[in-house]
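J.: Sharing a structure below in structure tokens format, with a few things to ask.
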DNA sequence: CGGTTGACCAAGT
DNA sequence: GACTTGGCCAACC
């Protein structure tokens, strides 16, 4: 039986490049509502490059947290990475959020 | 087992 | 648009 966070990582690996998901969607896909626990799991994220934690955003299309995966505390880095994947940003929020969101089919 | 914390969410002010 | 409040659930002490 995998831990809650490992299941979150597993789902996150499913997210294709150029797509993003929300903490809420992940929690919902796991059959729970622990949005916050997802964030905590991402923060721990031992599978750093394998699990694209930068592809997880807030339900508002905003960036949410992201400390830069133990690098710096600059959300612009996360935005920059997502832009490289083809995601359009409008300031600190995703422009075409509804087109890049991935709902764990 | 109770209390605190958290990369959250939704609604109200 | 920014801040506050209440609520949700898992992890940690």
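Residue numbers (the numbering used here): 362 to 466.
Each residue gets a CB set at the ideal place from its N, CA and C atoms; glycine is no exception.
Can you check DSSP and say which residues form a bridge with residue 454?
T.: Position 93 of the first chain, counted from the start, is the residue given in the question as residue 454. BP columns for residue 454 point to 423, 451.
J.: Taking DSSP as the reference, what is the three-state secondary structure of residue 461?
T.: In the first chain, counting from the first residue as 1, residue 461 sits at position 100. DSSP places residue 461 in helix when its eight states are reduced to three.
J.: Could you check if residue 431 is buried or exposed, using at least 16 other CB atoms within 10 Å of its CB as the buried criterion?
T.: Counted from its first residue, the first chain places residue 431 at position 70. Residue placement at residue 431 cannot be trusted, given a pLDDT of 49 that sits under 50; the coordinates are not used to answer.
J.: With DSSP as the reference, identify every bridge partner of residue 418, one or two as the case may be.
T.: Walking along the first chain from the start, residue 418 turns up at place 57. 383, per the DSSP bridge assignment.
J.: Report the three-state DSSP secondary structure of residue 392 (helix, strand or coil).
T.: Residue 392 sits at position 31 when you count from the first residue of the first chain. Three-state DSSP puts residue 392 in coil, outside helix and strand.
J.: Pull up the distance between the alpha-carbon of residue 448 and that of residue 442, whole angstroms please.
T.: Translated into positions along the first chain, residue 448 becomes position 87. Translated into positions along the first chain, residue 442 becomes position 81. Going from the Cα of residue 448 to the Cα of residue 442 covers about 9 Å.
J.: Does DSSP put residue 364 in a helix, a strand or coil?
T.: As a working note, residue 364 is residue 3 in the first chain. Residue state, collapsed to three classes: coil.
J.: So the alpha helix (DSSP H) residue 441 belongs to, where does it begin and stop?
T.: One-based indexing of the first chain puts residue 441 at position 80. Note, residue 441: alpha helix (DSSP H), 436-445.
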